[in-house]
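Residue numbers (our numbering): 67 to 448.
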């Protein structure tokens, strides 16, 4: 099974922490929708380009961004229809739309519920006004709560995003954020530490001393509060930043972590076919022009065996599925397995990793540090 990711590169305004590709100029929105539809078709027909076209049935269609909820319901239907027209799609695919609370009025939610979309991923980030202002979110706290009240009446499968490690956010305030989220009964929560990316407004404000630097120790405390509270409430911590009730894991995101094939449609979107990775140009005008000229605006990287090993280590340790030592030996060979065992030994000794049924996993203590641990297990050259 495979997935299709469609990047909608528009936002009403720029969040201070975001370094994703988007534009706040919506003039080319209609042209972009037509270009996305054409790329969906082009990627299904071409047999010469890499990453290679997907021939297995599509089980997930994911609209990410940017802000996909900027599109009209007609635009979303049009793009979903294009996927169905050009690919085999399973009987009940997971079709997710990322949305911001300010776009989700009652009528829009009702229309989405009557469309093929069956999962919403709502960018709440915080239920507190001061946090939302610091992040420069387009919605306010009241809109966050109001949209969830309505969305939960129409949708069973809802995920919300929350951000922790926000400067001057106390543990009590963070716990309140989690408890507010739980009060709406959503079955999936994605939660990320506030990170300072270069060239973002947040980076500039910190450099100028307007906002204090996020504190790693505070972020780690928030993370443990999150893990404990969601575990108490029946959520499974199935990936470093993702928590789902049983049968509500994100199929789209899980496909990335499990190494399944996927196609990325739109500017800056990535694709993967198991051996090569491709990424589209991160420029709306160049993307549209290239598609109109029947050219795929894509760069390709063929992954070496070491690249694939490193990716498996990184994704495996972030998830409940861990890293199969048997798979390492079968797919990469004994030299890689010996190297992994040797590198992992000190983390096992420090109770950050453990081996269970021939699967290498992070301990509760090691989970927050999984990305750093992975980089120490990476192989640079062999």
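Built from N, CA and C at the ideal position, the CB exists for glycine as well.
Cα separation between residue i and residue j?
i	j	result
residue 218	residue 129	20 Å
residue 303	residue 178	28 Å
residue 448	residue 372	The pLDDT assigned to residue 448 is 49, lower than 50, so where the model puts this residue is not dependable, and the model offers no usable value.
residue 175	residue 330	26 Å
residue 236	residue 276	19 Å
residue 102	residue 345	14 Å
residue 194	residue 398	48 Å
residue 120	residue 155	11 Å
residue 78	residue 415	49 Å
residue 192	residue 400	47 Å
residue 313	residue 408	36 Å
residue 366	residue 336	10 Å
residue 298	residue 246	15 Å
residue 212	residue 96	30 Å
residue 143	residue 94	19 Å
residue 274	residue 199	18 Å
residue 104	residue 73	14 Å
residue 267	residue 404	45 Å
residue 284	residue 231	6 Å
residue 294	residue 259	16 Å
residue 282	residue 261	10 Å
residue 185	residue 149	17 Å
residue 98	residue 315	30 Å
residue 394	residue 221	40 Å
residue 436	residue 391	17 Å
residue 385	residue 172	36 Å
residue 37	residue 359	In this structure the chain extends from 67 to 448, so residue 37 is not present and cannot be described.
residue 296	residue 197	21 Å
residue 292	residue 244	7 Å
residue 380	residue 253	26 Å
residue 383	residue 428	6 Å
residue 242	residue 270	29 Å
residue 452	residue 343	Since the first and last residues shown for the chain are 67 and 448, residue 452 lies out of range.
residue 406	residue 300	33 Å
residue 280	residue 108	44 Å
residue 170	residue 229	20 Å
How about residue i and residue j: do their beta carbons lie closer than 8 Å?
i	j	result
residue 204	residue 168	yes
residue 182	residue 146	yes
residue 233	residue 264	no
residue 131	residue 318	no
residue 425	residue 389	yes
residue 256	residue 308	yes
residue 410	residue 443	yes
residue 368	residue 341	yes
residue 462	residue 135	An answer regarding residue 462 cannot be provided, because it is not within the stretch 67 to 448 covered by the chain.
residue 306	residue 431	no
residue 117	residue 375	no
Here's the rule: buried if 16 or more other CB atoms are within 10 angstroms of the residue's CB, otherwise exposed. What is residue i?
i	result
residue 189	buried
residue 324	exposed
residue 350	buried
residue 90	exposed
residue 363	buried
residue 327	buried
residue 92	exposed
residue 125	buried
residue 209	buried
residue 251	exposed
residue 449	Beyond the ends of the chain as shown, which are 67 and 448, falls residue 449; an answer cannot be given.
residue 187	buried
residue 123	exposed
residue 151	exposed
residue 370	exposed
residue 332	buried
| field | the stretch 150 to 161 in contact with the stretch 204 to 214 per 3-pair CB rule at 8 Å | value | No: the two stretches stay apart, fewer than three of their Cβ pairs being nearer than 8 Å.
| Inside the stretch 394 to 442 only - beta strand (DSSP E) runs reaching at least 3 residues | Listed in chain order, they are 419 to 422, 425 to 428.
| query | Is there contact between the stretch 414 to 424 and the stretch 355 to 364, where contact requires at least three CB pairs shorter than 8 Å? | reply | Touching, no.
| task | Write down every uninterrupted run of the alpha helix (DSSP H) in the stretch 308 to 368 whose length is 4 residues or greater and which is fully enclosed by it, in chain order. | result | Runs of the alpha helix (DSSP H) lying entirely within the stretch 308 to 368, each at least 4 residues long, are 317 to 323, 350 to 358 in chain order.
| message | I want to know whether the stretch 287 to 304 touches the stretch 237 to 251 - three or more CB-CB distances under 8 Å. | response | The way I'd put it, the stretch 287 to 304 does touch the stretch 237 to 251; three or more beta-carbon pairs between them come closer than 8 Å.
| 3 or more residues per run - each beta strand (DSSP E) lying fully within the stretch 159 to 245 | With a minimum length of 3 residues, the continuous beta strand (DSSP E) runs that stay inside the stretch 159 to 245 are 185 to 191, 224 to 230.
| request: Jot down the residue ranges of each uninterrupted alpha helix (DSSP H) in the stretch 95 to 133, minimum 4 residues, whole runs only, in chain order. | output: For the stretch 95 to 133, the full-length alpha helix (DSSP H) segments reaching 4 residues or more read 95 to 111 along the chain.
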